[in-house]
Amino acid sequence: MGYPYPSHPKETPVLSKHFGEVEARTFDGWVARGGYEALKKALAMTPEEIVAEVKASGLRGRGGAGFPTGMKWSFMPKDDGKPHYLCCNADESEPGTFKDREIIRWTPHALIEGCAIGCLGIRAETCYIYIRGEFTEPWHILVAAVAEAYAKGALGENAFGSGRRIDIVVHRGAGAYICGEETALMNSIEGRRGNPRVKPPFPAVAGLFGMPTTINNVETLAAVPVILTRGSAWYAGLSLSSPKSTGSKLFSVCGHVQRPGTYEITMGLPMRELIYDMCGGMLPGRTLKAVIPGGSSVPIMNAADIEDCPMDYEGIVAHGSMLGSGGMIVMDDTTDMVYQVMRLARFYADESCAQCTNCREGTAWTTKILERILAGEGKPTDLDLLLSLADNMTGKTICVLSDSCAVPVVSGLQKFRGEFEAYLSGATAPVTAGV
Amino acid sequence: MSSHAETVHDPVFVGDTLAKLEALYPKYPTKMALLLPALWMVQEARGWVSEGGVIEVGEKLGLTPAYVRGVVSFYTMYHTHPVGRHFIQVCTTSPCNICGAEDVVKSLLRHTGCGELGATSPDGRFTVVEVECLGACGFATPILVDDDTVESVTPENVPTILARYP
Amino acid sequence: MTVEMVSVTIDGVTVQVPKGSNVIEAAERAGVVVPHYCYHPSLPSPAVCRMCLVEVEKAPKLLPACVTQVTEGQVVHVHSEKAIKARAGVLEFLLINHPLDCPICDQSGECELQDFQFQEGQQKTRFTDFAKRYNPVEDFGHDILYVPNRCILCTRCVRFMGSVAEEPVLEVYERGDRAYIGLDQSQRLDHEWAGNVVDLCPVGSLLSKDFLHKARVWDLDKAASICPGCTQGCNMTIDTRDEVVVRLRPRPNLEVNRHFICDTGRADYRWMNRGDRVEAPLVLDSDRIRATDWDLALDRLAVLAAEAGPVVVLAGGRASCESLGWTMRLVAGRSVVAAMQVPQGEEVPLAAVPNLALRADRAANLHGARLLGYRADWSSAMGEVAAASLVIVLDAELTDADAALVAAAPQVIQLATVTDPRLHDAQLVLPITSMAEEQGVYVNRDLRAQRYLPARSAPGMARPAWWVASQGWALGAEGRSAPATAAEAFAALDAFDGLSYRDLGLTGRVLATATAGVAS
Numbered sequence: 048m049g050y051p052y053p054s055h056p057k058e059t060p061v062l063s064k065h066f067g068e069v070e071a072r073t074f075d076g077w078v079a080r081g082g083y084e085a086l087k088k089a090l091a092m093t094p095e096e097i098v099a100e101v102k103a104s105g106l107r108g109r110g111g112a113g114f115p116t117g118m119k120w121s122f123m124p125k126d127d128g129k130p131h132y133l134c135c136n137a138d139e140s141e142p143g144t145f146k147d148r149e150i151i152r153w154t155p156h157a158l159i160e161g162c163a164i165g166c167l168g169i170r171a172e173t174c175y176i177y178i179r180g181e182f183t184e185p186w187h188i189l190v191a192a193v194a195e196a197y198a199k200g201a202l203g204e205n206a207f208g209s210g211r212r213i214d215i216v217v218h219r220g221a222g223a224y225i226c227g228e229e230t231a232l233m234n235s236i237e238g239r240r241g242n243p244r245v246k247p248p249f250p251a252v253a254g255l256f257g258m259p260t261t262i263n264n265v266e267t268l269a270a271v272p273v274i275l276t277r278g279s280a281w282y283a284g285l286s287l288s289s290p291k292s293t294g295s296k297l298f299s300v301c302g303h304v305q306r307p308g309t310y311e312i313t314m315g316l317p318m319r320e321l322i323y324d325m326c327g328g329m330l331p332g333r334t335l336k337a338v339i340p341g342g343s344s345v346p347i348m349n350a351a352d353i354e355d356c357p358m359d360y361e362g363i364v365a366h367g368s369m370l371g372s373g374g375m376i377v378m379d380d381t382t383d384m385v386y387q388v389m390r391l392a393r394f395y396a397d398e399s400c401a402q403c404t405n406c407r408e409g410t411a412w413t414t415k416i417l418e419r420i421l422a423g424e425g426k427p428t429d430l431d432l433l434l435s436l437a438d439n440m441t442g443k444t445i446c447v448l449s450d451s452c453a454v455p456v457v458s459g460l461q462k463f464r465g466e467f468e469a470y471l472s473g474a475t476a477p478v479t480a481g482v
Numbered sequence: 162m163s164s165h166a167e168t169v170h171d172p173v174f175v176g177d178t179l180a181k182l183e184a185l186y187p188k189y190p191t192k193m194a195l196l197l198p199a200l201w202m203v204q205e206a207r208g209w210v211s212e213g214g215v216i217e218v219g220e221k222l223g224l225t226p227a228y229v230r231g232v233v234s235f236y237t238m239y240h241t242h243p244v245g246r247h248f249i250q251v252c253t254t255s256p257c258n259i260c261g262a263e264d265v266v267k268s269l270l271r272h273t274g275c276g277e278l279g280a281t282s283p284d285g286r287f288t289v290v291e292v293e294c295l296g297a298c299g300f301a302t303p304i305l306v307d308d309d310t311v312e313s314v315t316p317e318n319v320p321t322i323l324a325r326y327p
Numbered sequence: 039m040t041v042e043m044v045s046v047t048i049d050g051v052t053v054q055v056p057k058g059s060n061v062i063e064a065a066e067r068a069g070v071v072v073p074h075y076c077y078h079p080s081l082p083s084p085a086v087c088r089m090c091l092v093e094v095e096k097a098p099k100l101l102p103a104c105v106t107q108v109t110e111g112q113v114v115h116v117h118s119e120k121a122i123k124a125r126a127g128v129l130e131f132l133l134i135n136h137p138l139d140c141p142i143c144d145q146s147g148e149c150e151l152q153d154f155q156f157q158e159g160q161q162k163t164r165f166t167d168f169a170k171r172y173n174p175v176e177d178f179g180h181d182i183l184y185v186p187n188r189c190i191l192c193t194r195c196v197r198f199m200g201s202v203a204e205e206p207v208l209e210v211y212e213r214g215d216r217a218y219i220g221l222d223q224s225q226r227l228d229h230e231w232a233g234n235v236v237d238l239c240p241v242g243s244l245l246s247k248d249f250l251h252k253a254r255v256w257d258l259d260k261a262a263s264i265c266p267g268c269t270q271g272c273n274m275t276i277d278t279r280d281e282v283v284v285r286l287r288p289r290p291n292l293e294v295n296r297h298f299i300c301d302t303g304r305a306d307y308r309w310m311n312r313g314d315r316v317e318a319p320l321v322l323d324s325d326r327i328r329a330t331d332w333d334l335a336l337d338r339l340a341v342l343a344a345e346a347g348p349v350v351v352l353a354g355g356r357a358s359c360e361s362l363g364w365t366m367r368l369v370a371g372r373s374v375v376a377a378m379q380v381p382q383g384e385e386v387p388l389a390a391v392p393n394l395a396l397r398a399d400r401a402a403n404l405h406g407a408r409l410l411g412y413r414a415d416w417s418s419a420m421g422e423v424a425a426a427s428l429v430i431v432l433d434a435e436l437t438d439a440d441a442a443l444v445a446a447a448p449q450v451i452q453l454a455t456v457t458d459p460r461l462h463d464a465q466l467v468l469p470i471t472s473m474a475e476e477q478g479v480y481v482n483r484d485l486r487a488q489r490y491l492p493a494r495s496a497p498g499m500a501r502p503a504w505w506v507a508s509q510g511w512a513l514g515a516e517g518r519s520a521p522a523t524a525a526e527a528f529a530a531l532d533a534f535d536g537l538s539y540r541d542l543g544l545t546g547r548v549l550a551t552a553t554a555g556v557a558s
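Protein chains in written order, with our numbering: chain L, 48 to 482; chain Y, 162 to 327; chain S, 39 to 558.
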């Protein structure tokens, strides 16, 4: 549902069905809504059967990369004698994204159940849920829900009397965007600086504490119980477009729309419908100028780009951007694009872990140039310089934070170059009318 | 490159806090993994992470002070100097920015008496800082007052919100 | 055990390298230098500087050569246009906050940032009109200064202290472009091996206070040497400026000391520059000491040696195999007790490197001495002094008690770098070179025989002790001819498996006696 607004007819509420229902946060309330049936079912299944079911559903990682979940699980070794770990990435920090927050706040047991099933699928006994430090309220709710799940026997050394051990530990971050990167997250759990690690080795070989590890996003894991109860075929059938983009997906929409919120739609819904019908369109008297459809790390789209763009992995790529995390930022004609690109660059400069030269220096330098342009002190060569730096920051570092900083710069310049040039030619106020 | 002085460090990990830390040991295969939780406990007890706290955590977990300090300084939420009684974090990243977050910041600075970001109000009541994305972009502008998320803050409703934090 | 080899082609040169090698190592085999900063062969690779990006065929992106393992048939282009452009970009980023204070920077001339910038960088910066990052210089304690403005965050120092010394007192503090290397205010960088971070630092960010502003490195003369401080036998370089030793640095030897030396060894060079040296042979004539020439001194030496009854030889721990061996030959046939002085200290290992420590036995050539018939039991040798007709002191540093015993001996010969006023009755004081002024061989605790080369010229008439002893020996009988060179002096000794200087090279050879299990 379009929390905090009532469900819209065009939504497909699966994960968000119980958003806003306080009782759903409790164990009993969750059971009353059909909860924990999936976990009981999974406890009677082999890991292979669980993985096969998830594979068949077509579920793809909801954190941003869109990697097929079942395939990821199948990379985990069998009979290697080592402890395996599941990490749940609840470090939702991508600007524009706030869908996982709602899952944790309203349906924590859906996540707990998904984590438990994930453990069974990858032969792990322990799942660490890494939740960002700023999520204070979701953290309190999740910790309480986990304690209740233990008290009710769903977790612990004998989950639902199955003789199987499943532990869930909630680990709180402390303020670092980069900890949403999977290997940085593992370092952070281990008590280190949140520096991304060089790959290989990949987590399935040597991840958390050096052991085989799978890491999944909150929304991904929360979708697993419903796949088990309603069947992979049902889930895979939820698609309006590409057979490669299945299921329902939460989109958190923010910015200049009438009803910002978290909307759950079937993959393939036209972007226009999401913005103009479900979110109520733009604020009165304003027109749409730009959309960042998948969190701040994906290319900025302009009004023309979104016209016939379907909301699925392939469709958004075909229209010049990416589905990413599903965090959609909508900007209207009052937006100063140069300023917003600077804000995004500054965000990445603040969050760079400092390991790779290109990122550490490049994000800060890029920000300085954009600030100079905004201050009316830009140089004629600055736009070319920005693009050149963006090139030096793309595809050259351990993780993609540096690339992510380059994305809004390059796409911003591509789509809204006129606004940059206006600043260079001495405009004192932002030119916000568009290209 | 400096940190604030602390007269004498009174150990944090005694009694209940020590028990709370020790209860975490079985949940992780290494002691080092308790670093973030331990630092949170120090901050909860003292309001900030002092040099004494860094050394104490290091001793508890078998880590050097430099190592602990390196970790502390990586994460923005650990305070390395004392802050006001109520710590206010305002999101000013793009989604909130385009919805007027910077005016919220101005209003907060004015009504708390902090004057500038990072400073503590003369009465010691508030410290206001700008943070990057709080993950509540649909509710612009969200702020965190201590552990409470307050959504849809506007320059106008700032005084009402502040009144709840004496 | 055979090592599996793979064939890779780097900049058109095909080489065979062991499986598991990284591309930097493979390129080295192919004679290609891949520019790098964070990579160091004795440290774990974090792949953070991004300077070693190279193009690997079939890989979609440029890859860091330091962590990319070679695969069979791999084709690598270190100097493709794409790779060079990427590295130029990294150099530009590294330089935006790096001060251009090379004229006052000690690293200048041996700075890897200078080198690679000269090689591959752009001439002009595009980082104009912005202030550079500024942080004040910090005293890290002991011998080390940190100049954060020059730091390129390669983290070699952090990894050395953490992964090699296993005392993680350095850490990256803060993040983004605010990051710097931090040392906690409650700590100092005073680990016995900490000085290595100065050598590891590719730029002038970590500096030795001892060497600070002493010399421009291009004015230095460098000599391959062996640390005389203990039985480890770390390979080192002696740097001199105008005949004055100004710095000791580790010289890589993967089997002895990798790339490291301890701070005790590093700091122990001031004696090499002592000004109060014996510069001419001194003879005692009717209670008067007078300087003389070598002809007369050597005649005296030959006579004293020939006429001697029981002999005691007291050698200092820095005496070369050549000197020890020829001194023994000089008095061969007599009843001889010979000992080497071995000061004792605490053993301080470098945690993560097997078989590397500052050793408790603080005498470089103890094991060479043993092979040549010297004992380590100093006090038992001192016990023989009273019964000796001749005592030869080979640059040993005597205690007052020892000196009193020696002074009471009928005949005393000093082969010395400096005079010992307590032995004013010595019949002969012969000026010898210090190890910094001669060639020689030391045998370390693993019975590795290693050569050291002269770093400065000998003062006055000083000669290597082996030359002095062998000349005296040659005069002792008809038909003897003394070795003309150090190489000959070494080759003539029996204890070394017939090895020559050439065989030893500059990284030494383990003696067969060691492999046969004779050594203890």
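Just so you know, even glycine gets a beta-carbon here, dropped at the ideal spot from N, CA and C.
What is the DSSP secondary structure of Thr288 of chain Y, counted as helix, strand or coil? Position 127 of the second sequence, counted from the start, is the residue given in the question as residue 288 of chain Y. Of the three classes helix, strand and coil, the one that applies to Thr288 of chain Y here is strand, per DSSP.
Give me the Cα-Cα distance between Val319 of chain Y and Gly67 of chain L, rounded to the nearest whole angstrom. Position 158 of the second sequence, counted from the first residue, corresponds to residue 319 of chain Y. Position 20 of the first sequence, counted from the first residue, corresponds to residue 67 of chain L. Distance between the alpha carbons of Val319 of chain Y and Gly67 of chain L is about 26 Å.
Interface partners of Asp126 of chain L on chain S, CB under 9 Å: In the first sequence, residue 126 of chain L corresponds to position 79, counting from 1. Taking the beta carbon of Asp126 of chain L as reference, no residue of chain S falls within 9 Å; the closest one sits roughly 26 Å away.
Continuous beta strand (DSSP E) stretch holding Ile339 of chain L: start and end: As a working note, residue 339 of chain L is residue 292 in the first sequence. In the DSSP assignment, Ile339 of chain L falls within the beta strand (DSSP E) that extends over Leu335 to Ile339.
Pull the bridge partners of Ser286 of chain L from the DSSP assignment, please. Locating residue 286 of chain L in the first sequence gives position 239, where the first residue counts as 1. Per DSSP, L:Met314.
Which value, in whole angstroms, describes the spacing of the CA atoms of Glu93 of chain S and Phe249 of chain L? Taking the third sequence and counting its residues from 1, one reaches residue 93 of chain S at position 55. Taking the first sequence and counting its residues from 1, one reaches residue 249 of chain L at position 202. Approximately 22 Å between the Cα atoms of the pair.
At 4 residues or longer, and completely inside the stretch 179–247 of chain Y: list those alpha helix (DSSP H) runs for me, N to C. Listed in chain order, the alpha helix (DSSP H) elements of length 4 or more contained wholly in the stretch 179–247 of chain Y are 196–207, 212–222 and 226–235.
Met384 of chain L beta carbon less than 9 Å from that of Gly485 of chain L: Limits of chain L in this structure are 48 at one end and 482 at the other, which puts residue 485 of chain L out of reach.
CB of Gly58 of chain S within 9 Å of CB of Gln107 of chain S, strictly: For this step, residue 58 of chain S is matched to residue 20 along the third sequence. For this step, residue 107 of chain S is matched to residue 69 along the third sequence. In this structure, Gln107 of chain S lies closer than 9 Å to Gly58 of chain S by Cβ.
Proximity winner among L:Ile176, L:Tyr132 and L:Val245, relative to Pro102 of chain S (alpha-carbon distances): Along the third sequence, one-based indexing puts residue 102 of chain S at 64. Pro102 of chain S has its Cα closest to that of L:Val245, out of L:Ile176, L:Tyr132 and L:Val245.
Where Asp337 of chain S falls: helix, strand or coil (DSSP): Here the question's residue 337 of chain S lines up with position 299 in the third sequence. The three-state reading of DSSP puts Asp337 of chain S in helix, counting H, G and I together.
How is the beta strand (DSSP E) around Ile178 of chain L delimited, first residue to last? As a first step, residue 178 of chain L is located in the first sequence; it is residue number 131 there, counting from the start. Going by DSSP, Ile178 of chain L is part of the beta strand (DSSP E) stretching over Thr173 to Ile178.
Please state if the CB of Ala137 of chain L and the CB of Val265 of chain L are separated by a distance shorter than 9 Å. As a first step, residue 265 of chain L must be located in the first sequence, where it is residue number 218. As a first step, residue 137 of chain L must be located in the first sequence, where it is residue number 90. Taking 9 Å as the Cβ cut-off, Val265 of chain L and Ala137 of chain L qualify as a contacting pair.
Option nearest Gly498 of chain S by Cα separation, candidates S:Ala447, S:Val479, S:Gly313 and S:Arg460: Here the question's residue 498 of chain S lines up with position 460 in the third sequence. Cα-wise, what sits closest to Gly498 of chain S is S:Gly313.
Identify, in the order they occur along the chain, each residue of the same chain with its Cβ nearer than 8 Å to the Cβ of Ser163 of chain Y, setting aside the five sequence neighbours on each side. On the second sequence, position 2 is the one that residue 163 of chain Y refers to. At Ser163 of chain Y, the pLDDT of 43 sits below 50, so the modelled position is not reliable and the matter cannot be decided from this model.
Per DSSP, what kind of secondary structure is Asn393 of chain S in: helix, strand or coil? Within the third sequence, numbered from 1, the residue matching residue 393 of chain S stands at position 355. Residue state, collapsed to three classes: coil.
Looking at chain Y, is there any beta carbon in it that lies within less than 9 Å of the beta carbon of Gln225 of chain S? What you label residue 225 of chain S is simply residue 187 of the third sequence in a count that begins at 1. True, the Cβ-Cβ gap to chain Y drops below 9 Å.
Bridge partners for Asn264 of chain L per DSSP, in chain order? Along the first sequence, one-based indexing puts residue 264 of chain L at 217. Asn264 of chain L pairs with L:Asn136.
For Glu209 of chain S, which residues does DSSP report across the bridge? As a working note, residue 209 of chain S is residue 171 in the third sequence. Under DSSP, the beta-bridge partners assigned to Glu209 of chain S are S:Gly220.
For a minimum of 4 consecutive residues, which ranges assigned as the alpha helix (DSSP H) are wholly contained in the stretch 358–421 of chain S? Fully enclosed alpha helix (DSSP H) runs of 4 or longer: 359–368 and 404–409.
Terminal residues of the alpha helix (DSSP H) in which Val385 of chain L lies: Locating residue 385 of chain L in the first sequence gives position 338, where the first residue counts as 1. Counting along the chain, the unbroken alpha helix (DSSP H) around Val385 of chain L starts and ends at Met384 to Glu398.
Other residues of its chain near Thr47 of chain S: CB distance less than 6 Å, five sequence neighbours each side excluded: Counting from 1 along the third sequence, the entry for residue 47 of chain S is found at position 9. Around Thr47 of chain S: Val113.
In the DSSP assignment, what residue or residues form a beta bridge with Val282 of chain S? Position 244 of the third sequence holds residue 282 of chain S. Note: Val282 of chain S sits in a beta bridge opposite S:Arg279.
According to DSSP, is Glu176 of chain S helix, strand or coil? Locating residue 176 of chain S in the third sequence gives position 138, where the first residue counts as 1. Note: Glu176 of chain S maps to strand in three-state DSSP.
Taking only runs of the alpha helix (DSSP H) that begin and end inside the stretch 64–145 of chain L, which ones reach a length of at least 4 residues, in chain order? Listed in chain order, the alpha helix (DSSP H) elements of length 4 or more contained wholly in the stretch 64–145 of chain L are 74–79, 84–90, 94–104 and 116–121.
Restricting to Cα atoms, I'd like to know which of L:Val217, L:Arg239 and L:Val216 is closest to Cys226 of chain L. Along the first sequence, one-based indexing puts residue 226 of chain L at 179. Minimum Cα distance to Cys226 of chain L is reached at L:Arg239.
Verify the CB distance criterion: does Asn234 of chain L have a CB-CB separation below 9 Å to chain S? Your numbering for residue 234 of chain L matches position 187 in the first sequence. Asn234 of chain L does not count as touching chain S.
Taking only the alpha-carbon atoms, compute the straight-line gap between Ser519 of chain S and Ala527 of chain S and give it to the nearest angstrom. For this step, residue 519 of chain S is matched to residue 481 along the third sequence. For this step, residue 527 of chain S is matched to residue 489 along the third sequence. Here the alpha carbon of Ser519 of chain S sits roughly 11 Å from the alpha carbon of Ala527 of chain S.
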